[in-house]
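Right, one structure below, let's go through it.
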Amino acid sequence: MTTTTSRGRRRAPTRIERAAGKAAALQKPRVILALLLLLALTSVMLLDGYLRAEVGGDQRVRTGASSSQVPDDVLDGGPILTFRGGRATTVSVPDKTIALTFDDGPNPTWTPQVLRILREYDVPGTFFLVGSMVSRYPGIVEDMVEQGEEVGIHTFTHVDLSYQSHARVRREMTQTQLALAGAAGITTTLFRAPYSSETDAIDNYSWPVYKELGEDGYTSVFVDTDSDDWKRPGVSKIVEWATPDDGKGASVLFHDAGGERSQTIKALPTYIEKMKAAGYTFTTVSGVLQKQNAAARDATTGTTTGTQGEQPAELPDGAGAVGDRLQAAHREATGVTLYEGKALIAAVTLAEWTVPTLSVGLMVVGVAVMGRFGMMLLLARRHHRQRNRRRFSWGATVTRPVSVIVPAYNEKECIANTLESLARSTHPIEIIVVDDGSTDDTSGIARAAAASLGMTNVRVIRQENAGKPAALNNGVRNAAHDIVVMMDGDTVFEPEAVHQLVQPFANPEVGAVAGNAKVGNRDTVIGAWQHIEYVMGFNLDRRMYDLLRCMPTIPGAIGAFRRDAVLEVGGMSEDTLAEDTDITIAMHRAGWQVVYQEHAKAWTEAPGSLKQLWSQRYRWSYGTMQALWKHRGSLTDRGPSGRFGRVGMPLVVLFQIVTPVFAPLIDVFTVYSMIFIDFQAALLAWLAVLGVQLSCAAYAFRLDREKYRYLLMMPLQQFAYRQMMYLVLIHSCVTALTGGRLRWQKLKRTGEVGTPAGASR
Amino acid sequence: MFVDNSGRRSKLLRRIGLLLGVGCLAYAAVLGAAFMGWGTSLTPSSLLPFGNGGPRDAQNSGPGGIQPQGGAGAPPARPTGAPPAGVATGEAPSSAPTATATAPATSSAPAPATAVAAAN
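If you're matching them up, the sequences are chains W and G in order.
Just so you know, the working numbering puts 675 at position 675 of the first sequence, and the rest follows in order with no gaps.
Just so you know, the working numbering puts 1031 at position 31 of the second sequence, and the rest follows in order with no gaps.
Now the structure itself:
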């Protein structure tokens, strides 16, 4: 392989030109749209992680801190703490009264059951809701408020606020208010801190939080009797622990979420019945406050406190039904709050749908990638063994001359090399160079090269520029022999290539043969990437497809056909941009076998820049989609056509369209997990996938006796290819949908792929 | 295959794309605003017409539903000079609007029904 570099041939763009190019590229609508979609995806994933406390989660819980700075009468006071006018005021629950409180909800399993029990016994409760759960299950909260229960805030993500900054505390409260506004159209003034319990457990770190929130107008609600139902001690223990002593009133703590709560559900009716039998009444936190206010007023005016839970009618706003008073902490959400809340709920709903969908996509990719590798390893091994067995033969050795068709369009750098390699062919051939209206005197150079090499078997045909399919058809029509070998004008054959390539035609069922194309310019990063890709594609994919009898593509660089078969299916078609895929599928449908001949090697020049690689792949994937669509009828056909339609098509769709679309999820989820969940585990999972790919690639390299050192590029190659193939595929899907035209784009060639034999073996 | 010469499909798709882009941007904006709490002020005191400073003044004159029957815990009808809330009516210092905050621990024990104490 000569090592003429491409540098210097083309003037490198200046820095300003490059910057201008980049700026222009960024302004393309599709690029903007792609970036916006990425932004939305990031938002969705961050939101989802935040809701599940993966993002910004904080598991710390403070215990055993001193309470020296907390006023004694707060520590000893009742469970309801307010800061009216900057003064800490505690209120306790009146005798023979229970304020049922439920923490950590809503939960789709348990909360509706709790609500049902409360409804059946006609008992109100106060629910301290976690904002993230409110936003995920807004319907439950709406029912709850409608049913007359009171709600309070239990922060958005259930963190110990004593560890959090002012800003975070404020955000936790505001976010929960928004979620409540969106879910039930209300905000609330009640608050209970996560991990709080009785007032005497307030410490020096949590006290400032209560103070600050109190000054904001929040009422902090603590606990008198803790059922400790989360320990799941059994129904009788829960009831026992929840019962206050000697007919005292109590704010009682239960949990309707945060774990398995069947014991709570069982204990609740028992508890309510027991307390009712003992003469207790049930109310909400606001109900308690009103009772105490009424009692205080009665005490002031000297009347007896006869009213039991009923508020005197002369209250300022002349409150209406009991339900309103039991929900006195609620405020109706209006205006911006209401709409922003609804938008938040909608955003969460969308995320709740998106993330599982993406997970399914990731699973599809995982199964497809792993299943494909498993299948490839198995079938490639079998193929390799079968075809290289000592006694294996296609039939009588094919020795009759064949036609080699070289379509050429502006191939002045390469055509001489191509002819030179064909001159050394060990098989008798005639060469038909079809000059597709080149403007660089390709035909003249070809003639001169043939003359200087003393080749008498070269014919050069000129045609008006009409595209590669037309050039190939022209060549096929002019071919003198019954087997035609097709190659690219930039490809170099090994001396044995033609002979090896045509041997399968000894089997009369074989209609076409795919050769083994090798990347010549593999010493650049992009070249090495494609080298890996080619070795894997030819040694794993094509062997697999060969045995499954549904090879989708015979490479344009090296392939051979029966001339009659090509003419029978109508020749190369211009319907698609991937005429090689199109004709291969057509051969299958006509009942011909298409096989892979690993020993027929051709050296080709792979695109040397990312831009060229992109446009090549863009054309391939667009062309493949066109070809699949063109042959969609095979899905319902009978016979060999139907067989390809039902075996080959799904495989091609799965591996060449579905997998690339979802493959970047591997990286998206890896990055997400590395940042927010478990760095090591995520990295290990990613490396495991890479390991599987690497071992497959190593096997492919072994089958082709390639040097393993190129595998060093593999991690980067896999990562870069996933993103690129994804973008290429999306790009071609969009082009297909919009119905825009996509033309053949000629790749720039440098002619650097020279004599073949040097690089391999 | 796939080619549409009328350009109608392209136009339609461009509109869908525009819509999608606007949707994505709006989504990110909503989340950002909701997370940071922009655009709304939701602390209970800021929902009241009199702000942080004058909860006591607000108590009698609070508009319907906003300052209802002690939803936030303060006795509604007692702006100043009212006797303390403790049931032990006469015992607590009567000058304070509510039971004194710094009352010694001994006084907080008795009240059976209410233990309304005011701390600083």
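The beta carbon of each residue, even a glycine, is placed where N, CA and C say it ideally should be.
For clarity, every value in this text was computed on a predicted model and none was experimentally measured.
The secondary-structure analysis by DSSP pairs W/E332 across a beta bridge with W/I186. For W/S220, DSSP records a beta bridge to W/L81 and W/F191. Distance check between W/G247 and each of W/P194, W/P269, W/D95 and W/G341 places W/D95 closest, using alpha-carbon atoms only.
Sequence-ordered contacts of the segment 39-73 of chain W with chain G read L39, A40, S43, L47, P71, D72 and D73 [C-beta pairs closer than 7 Å]. In this structure, G/F1035 and W/R171 form a Cβ contact; the two beta carbons are roughly 7 Å apart against a cut-off of 8 Å. Annotation: the segment 130-213 of chain W contains the following complete segments of the alpha helix (DSSP H) (minimum length 4 residues), in chain order: 131-136, 138-146 and 166-184. If you check each beta-carbon in the segment 629-660 of chain W against every beta-carbon of chain G, the ones closer than 7 Å belong to W629 and K630.
By the criterion of at least three beta-carbon pairs nearer than 8 Å, the segment 367-380 of chain W is in contact with the segment 687-699 of chain W.
Take W/K266, set aside five residues on each side of it, and the residues of its chain with a beta-carbon closer than 6 Å to its own are V235, in chain order. For W/Y205, same chain residues with a beta-carbon under 7 Å away, outside a window of 5 residues either side, are R62, A65 and S162 in chain order. Along the segment 143-176 of chain W, the positions whose C-beta sits under 8 Å from a C-beta of chain G are R170, R171, M173, T174 and Q175, read in chain order.
Listed along chain G, no residue sits closer than 8 Å to W/A578 by beta-carbon distance, the nearest being about 10 Å off. When C-beta distances to chain G are compared with 7 Å, the residues of the segment 335-349 of chain W below that value are V336, T337, E340, A343, L344 and A347, in chain order.
Contacts between W/P29 and chain G, judged by CB atoms closer than 9 Å, involve R1014, G1017, L1018 and G1021 in chain order. Of the other Cβ atoms in all chains shown, 16 or more fall within 10 Å of the Cβ of W/L253; this residue is therefore buried. For the segment 726-737 of chain W, the beta-carbon criterion of a distance under 9 Å to any beta-carbon of chain G is satisfied by V734, T735, A736 and L737. The DSSP-derived three-state label of W/K518 is strand.
Where W/I666 is concerned, the enclosing alpha helix (DSSP H) starts and stops at P664 to F676.
Checking the DSSP bridge columns, you'll see W/R562 partnered with W/I483. Residue contact check for W/Y205 against chain G: no CB pair falls below 7 Å.
For W/T581, the CB contacts under 7 Å within the same chain, skipping 5 residues up- and downstream, are P552, T553, G623, T624 and A627 in chain order. Secondary-structure assignment with DSSP links W/Y596 through a beta bridge to W/A514. The beta carbons of W/M572 and W/I558 sit no closer together than 7 Å.
Taking a Cβ-Cβ threshold of 7 Å, the residues of chain G close to W/G740 are S1010, in chain order. Between W/D440 and W/A408, the gap from beta carbon to beta carbon reaches 7 Å or more. Cβ atoms of W/A250 and W/V93 come within 8 Å of each other, at about 6 Å. The C-beta of G/A1028 comes closer than 7 Å to at least one C-beta of chain W.
Remark: C-beta atoms of W/I272 and W/Y137 do not approach each other more closely than 7 Å. Proximity of W/D575 to chain G, defined by a Cβ-Cβ separation below 7 Å, is satisfied. If you draw a straight line from the Cα of W/A682 to the Cα of W/A179, it is about 32 Å long. At a Cβ-Cβ threshold of 7 Å, W/V595 and W/V510 count as neighbours. Secondary structure at W/V460: strand, using DSSP grouped into helix, strand and coil. For W/I32, the residues of chain G that pass the 8 Å Cβ criterion are G1021, in the order they occur in the chain. Between W/M714 and W/P660 a beta carbon distance of about 18 Å is seen, past the 8 Å cut, so the two are scored as non-contacting. The segment 385-437 of chain W contains, as complete beta strand (DSSP E) runs of 3+ residues, the segments 402-408 and 429-436 (chain order). Between W/L326 and chain G, the shortest Cβ-Cβ separation is not below 7 Å.
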